[in-house]
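**Student:**
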Amino acid sequence: MQAIVFPSLETLRLALANGVIAPAIALRPVRAGQDRLGRLWTIPDGELPHGAAALWQRLGAAVSVSPESVEYRSLTCWHQIVPLATSDFFPPPGSAVVLELPNYLVSSVAAEIERLAPNCHKVRIFEGNDQLWLYVDEPPMSVLLRCQLRHEMTAFVERAPRVWIEAGWQHPLQKLLSPPGTAGRIIRGSNQWRWIDNCGIEPQKPLIVEGRRSVKSFEDSRGRTALPIPLRLIATDRRDNPEVWLVQHEPLEQLQRLVEQSSDAALAGWEYALASAGENLVVVLRAKRSRHAPADLAVSTAGFVPYLRMPNLYLPAGMMLQPPLRRDQARRWLADSDDHISLLLPNGDSTFAVARVRSHTFQPLLQACEYKAPVARHWEPVRSASPLPFELFSIVADPVSEPIAAVRRPIQVPASLPQPEPAEPSGLFQRLRRLFQSDGDEQTDVTGLVQNALPEMPAAGPSEVSKRRLKHQERRIALEERLRQSLAPEHVADRSAIWPQLAGAHADLGQFTEAAACWLNALWESDSLPPLWLRGWLQAEKMLSRIPLLEDDLLTLLHMPPTPAGIRTLAACTVVLAQQDPAPPALVAYAERIRQRLDAGETWLPIRAAWLAQCALARVSQGDVLALARTRDRLLERLFQHGLSLEQDIPSFLRFSGRQAGEKFPFVRDWLQRVRDAVHRWIDGLVKQRPSDYALTLPANFADRDGRCTKAYADLMLAWGLARLGEASAARHHYQSAVAPLAETAEPAAALVVRIFDFRIQQQLDHPHDEPLLPGPLSDDLQRLSAPPFDERRILAAYSIDALRARSRILDGNERRDVFRQAVTARFSDGIALEAAQWPDLPDGELARSIGSLLHEHSEDLNLLSQVLESALRFTRRLGEKRSMSILERAEHVLEILAPGTNQMLLLDQTLTAAAQFSMIEVGKRSANRLFRFLARREIDFLSLVRSCRPPTPKPELLEEIEQWPSRCLRSLRRLGLQSEFARLWPRLREWVLASGSLARARGVQSEVSLPALRALLHLVGEQTAEVNDQDTTLLLDLARRQLLYDAGMRNSERVSLACAYVSALGRSPVRMAHGRIEELLRDLTRVHDRGQTNAFYALSPLRIVDAIVRAVVNEDFSQSPAMRRWLVEDDFRIRRRMQRDLHAMIAQGNV
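Counting from 1, position 646 in the sequence shown corresponds to residue 632 in this note's numbering; the numbering is continuous, with no gaps.
1) Here's a check: name, in chain order, each residue in its chain whose Cβ is nearer than 6 Å to the Cβ of residue 84, leaving out the five neighbours to either side.
2) So what does residue 123 bridge to, in DSSP terms?
3) Applying the 10 Å Cβ sphere with the 16-neighbour rule, what's the burial state of residue 601?
4) Assess contact between the region -9 to 8 and the region 31 to 46, defined as three or more Cβ pairs (one per stretch) separated by less than 8 Å. Is contact present?
5) Between the Cα of residue 501 and the Cα atoms of 511, 515, 486, 513, which residue gives the shortest distance?
6) So for residue 688, helix, strand or coil by DSSP?
7) When the Cβ atoms of the region 300 to 319 are set against those of the region 343 to 351, are three or more pairs found closer than 8 Å?
8) Residue 1209 by DSSP, collapsed to three states: which one?
9) Rounded to whole angstroms, what's the CA-CA distance from residue 997 to residue 15? Just pull it up for me.
10) So for residue 597, helix, strand or coil by DSSP?
11) Compare the beta carbon distance of residue 676 and residue 1075 with 8 Å and say whether it is the shorter of the two.
12) Give me the residue from 598, 581, 592, 608 with the minimum Cα distance to residue 569.
13) Figure out for me which residue from 481, 74, 495 has the closest Cα to the Cα of residue 462.
14) Tell me whether residue 871 sits in a helix, a strand or coil according to DSSP, three-state version.
15) Does the region 1058 to 1068 come close enough to the region 1076 to 1084 that 3 or more CB-CB pairs lie under 8 Å?
16) At the level of alpha carbons, what is the spacing between residue 949 and residue 1001?
17) Excluding the 5 residues preceding and the 5 following residue 230 in the sequence, name in chain order all residues of the same chain whose CB lies nearer than 6 Å to its CB.
18) Inspect the beta-carbon positions of residue 821 and residue 836 and report whether they are closer than 8 Å.
19) Just curious, the beta strand (DSSP E) that residue 1149 is in, first and last residue?
20) Report all residues from its chain with a CB closer than 7 Å to the CB of residue 144; omit the five preceding and five following residues, and keep chain order.
21) Would the region 247 to 266 count as touching the region 297 to 311 if we require 3 or more Cβ pairs under 8 Å?
22) On the CB-based measure, 16 or more other CB atoms within 10 Å of its CB, does residue 542 come out buried or exposed?
23) Since residue 603 and residue 581 are thought to touch, with beta carbons under 8 Å apart, how far apart are those beta carbons, to the nearest angstrom?
24) Return the bridge partner residues of residue 300 from the DSSP annotation.
25) Could you tell me if residue 467 is buried or exposed, where buried requires 16 or more neighbouring beta carbons within 10 angstroms of its beta carbon?
26) For residue 720, which residues of its own chain have a beta-carbon under 6 Å away from its beta-carbon, when the five flanking residues on both sides are left out?
27) Pull up the DSSP beta-bridge partners for residue 1081, would you.
28) Taking the alpha-carbon of residue 637 as reference, which of 228, 470, 274 has the nearest alpha-carbon?
29) Give the secondary structure of residue 1095 by DSSP, where H, G and I count as helix, E and B as strand, and everything else as coil.
30) Along the chain, where does the alpha helix (DSSP H) that runs through residue 215 open and close?
31) Hey, how far is the Cα of residue 34 from the Cα of residue 214?
32) With burial defined as no fewer than 16 other Cβ atoms inside 10 Å of the residue's Cβ, what is the status of residue 1005: buried or exposed?
33) For residue 886, count neighbouring Cβ atoms within 10 angstroms of its own Cβ and tell me buried if that reaches 16, exposed if not.
34) With distances taken Cα to Cα, identify the nearest neighbour of residue 664 among 747, 1071, 223.
35) Can you tell which of 935, 933, 917 has its C-alpha closest to the C-alpha of residue 953?
36) Pull up the CB-CB distance for residue 856 and residue 893, whole angstroms please, since I reckon it's below 8 Å.
Spelled out as structure tokens, the structure:
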């Protein structure tokens, strides 16, 4: 199939704007699509005029065969290929607006127009195919605000004759879009174009208000009352640094002198534009945007400063506008185009003229410099007939690689040496007499004695100690390599035999941290606890703690202040002493104190050490199974939330396996400190691009008016990431830089958020695996903020904190929070959701009774019962194992008879999650088989689920659950160690999301479902294994990048969710590629704005993206190879299985 290919979208836009593509052709339908290289392929409708293709080829277009990979879209005209651009939402004064609204809103809207705008020129109504269209001339502001805040009403502004574009958008070629005749165009912000046959304003039917009353068309007979207020420029005492300079007198000569007198560093901060003012040439110099003030220029002209920090309106320095205008009014009257910058030129009598320069004409000033260097002189080398007459010399080096042991010979006294006389009296006077002895007294020559006493220097060579150490090193390296090769599941027996040998090799080398970790792994792999291995572990911990004590000296350990090394030594002593029969009396007497000390310092212990110590205490205390079960629940929750700790549970040679330890971790740490400037520049750019309705209902001096609070919260998130990497000083530096601007706001919400961040940062520095719950005093302060008496400021402060905690996993750990829990569930939810919303705040006993009551009440209705079970399975950690097993059995029974749908999907997900938490392999296998049958039946597909969450019944929370459902199911299977089920289901889930099995298909799906599918696939990237094709993953990331950076019609919520999923997927990519893509996102991502009350405190959407970036960068997957990640998952499963087996064995022994 023949098609016309354009090099880029910009080439096509220029061809349409300049008339190279004739208007008669441009108004025809066309099919268009883009390939992977960004080239634009078009297939016109009908035959082209003779010579048209040849004319287009001058712009770089070509006629070629269309590739099969290009997905074409059918468009109404060529102009629809060019994307829309953002614009001011509110139309200029005197503009007409067409309102699209449903039938039930016509009466209320018409009554509001009649009440607020009685002098409205014309009001007409005409009917479309599925909506009512209301034509309003000069609509009141309240009607436009309703269109902006409510999705069921849409306003369209007439940008060209009979061309109506959705408010807030404009087309770059809108002046060329006027259709022939009386037809009209309706263009939506999502680039959907629609024809209207009759776009006149003649009434189609009378306008009905409140039932039977009809409103006649009316004309304004009084006209509009306008007060002419001239704008003036007056002098002021304020002196700001100019950012724009206008050179009118000898512009090129002054520019030449400026370049000759300035350095390249100074010139790099300026741009220039050449313009013509009538017959005169002028030069406009503009400073580039940066954090530093622009440098003064040595030019004889006045400078201009921005008006209210607007990027396109400049006043003369030292002058102000009278009367002062708000930003929106100044933009409306003086700088209504974002494509130009406006300069107010004073006339000398307080009046001024407006001069405008196109923004794209500015070029870097350095590009105007063409340096001329003198011609280089070429010198020919001289070949000498003889070498230079230097005397010969030599350097002798004798390096010594090992310390040389000195061998001393005994002093040999010569025979001629006189024998020493008896010692004289050594009194005070005798010693004074020897001090004044004359130089002529006879002296003994001892030179020979000194020479004989010098040590003999043997030949250099390794000592016996060095030989032994080298031998131990070689043995350690060989054992580590054998252990790496045995990480596969089929080599478990080999690994069990290597661990104790490796522990001994590390102990021989004095590497006691590695020795302790290896002894723990050896003990865990063994069914029994050999005494020799236990004592090896205890000796390694004692050497690390540097505590001089005997192995049964428990009282010394209990009286010492708690430290990580002391807690680990206490755990090792407890396990060693508990193996004695009978147990030592000291261990039995202090068992309860030891348990309390171990519980308090449990986060300092490796999971294996914590469990072995608690099992030993349970045996000593006559089978205290309840305390052991509580320990099991805490450790399982720690594994479920955080996984194994690389620092505590994994030896360093495995921790650094599969990566360059000296390259990646320092690279991540340095990048995280360096990215702060990029984040600040990105937020500053978003502040400058804020739409006019960003702070419509906020006071003029709201806290985050210049983005300072948003940047401060971003610094706190970066500080958390540095603390997670162990960089305490850098984390505190970021924290201190964020506290000052937040303290200046004097907002109670900011003070509480700073305290929460401080707790989270210190938590990462001290206890990186603590619970996500907040401490008691901080939690009480948060509750008091939302408690009576109520006032508007306290309500907004509490809401801003809850909104940030709901969207930031850094701030709120892994706890999911519903901001509108009370209000939304009471209004839109049924009784189940309303009662389930209260469960997080209930004590454990009341929670169990409430769940039991709901299960009994809805036992007859399967759909309602599945919703109760799905909500109850989210609280298995608090319900305990017995109640959780009962709920799981009931959930499995309901899954067998429940019809396919959303309820079945969510219940299956929570069943897998609970099975992974309690290591129930059989439940996991049965759930995996149900999941496979669900995908094989194809009774419900991903696209239909997404459409069910769209308007007119939007369900954003359910949509998020559906997008993350495939990845959560796979994560649970990995935690259960079901690798075969994982490998079988991964491609099926991916195919279920794509609905075709090909990643390129996602580009052809409609926009309303392609973004959820793209986000779901990005979530699946985080669960990929070695079987996934890297080319598909790269294509997926490129598709997400293109949607984020170039899709102007995407809604803000969709853009932010896609950006977070994109960044999270980059967390599993190579470090340098991920960092480069994140920096590109911070440089080019725009149109990220919120419209809500939280704008007074911070910008939520940018903070969500920064939160995702920090969590992706400090992800431990950056430091692990795929084989290492698989082994960690399997090791996680083995630990869960061992804890369940030990607990059940102890219950059976105690007849509990």
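C-beta: ideal position from N, C-alpha, C; glycine also.
**Tutor:** According to the data block:
1) Apart from sequence neighbours up to five positions away, the residues of its chain that approach residue 84 with a beta-carbon distance below 6 Å are 119, 121, 142, 150, ordered along the chain.
2) Per the DSSP secondary-structure output, residue 123 pairs in a beta bridge with 82.
3) When all chains shown are included, residue 601 counts as buried.
4) Yes, the region -9 to 8 is in contact with the region 31 to 46.
5) Per the Cα distances, 486.
6) The three-state secondary structure of residue 688, taken from DSSP, is coil.
7) No: the two stretches stay apart, fewer than three of their Cβ pairs being nearer than 8 Å.
8) The requested residue 1209 is not part of the displayed model; the chain covers only -13 to 1138.
9) Distance between the alpha carbons of residue 997 and residue 15: 27 Å.
10) Correct three-state label for residue 597: helix.
11) The Cβ atoms of residue 676 and residue 1075 sit closer than 8 Å to each other.
12) When C-alpha distances from residue 569 are compared across 598, 581, 592, 608, the shortest belongs to 608.
13) The option with the nearest alpha carbon to residue 462 is 495.
14) In the three-state DSSP reduction, residue 871 falls in the helix class (H, G or I).
15) Between the region 1076 to 1084 and the region 1058 to 1068 there are fewer than three C-beta pairs closer than 8 Å, too few to call the two in contact.
16) Distance between the alpha carbons of residue 949 and residue 1001: 7 Å.
17) Excluding sequence neighbours, residue 230 sits near 272, 290, 300.
18) Taking 8 Å as the Cβ cut-off, residue 821 and residue 836 qualify as a contacting pair.
19) Residue 1149 cannot be examined here, being either before or after the span of the chain that is shown, -13 to 1138.
20) Closer than 7 Å at Cβ, skipping near neighbours: 81, 82, 150.
21) Because the criterion of three Cβ pairs below 8 Å is not met, the region 247 to 266 and the region 297 to 311 do not touch.
22) Exposed.
23) Confirmed, about 5 Å.
24) Looking at the DSSP output, residue 300 shares a beta bridge with 292, 329.
25) Classification for residue 467: exposed.
26) Only 701, 704, 705 meet the Cβ criterion.
27) Under DSSP, no beta-bridge partner is assigned to residue 1081.
28) Of the residues 228, 470, 274, the one whose Cα lies closest to the Cα of residue 637 is 470.
29) Helix, per DSSP.
30) According to the DSSP assignment, residue 215 belongs to no alpha helix (DSSP H), since it is labelled neither H nor E.
31) Cα to Cα, the separation comes out at about 54 Å.
32) It counts as buried.
33) So residue 886 ends up on the exposed side.
34) Here the closest residue by C-alpha is 1071.
35) Among 935, 933, 917, the Cα nearest to that of residue 953 belongs to 917.
36) Between residue 856 and residue 893 the beta-carbon gap is near 5 Å, inside 8 Å, which marks them as a contact.
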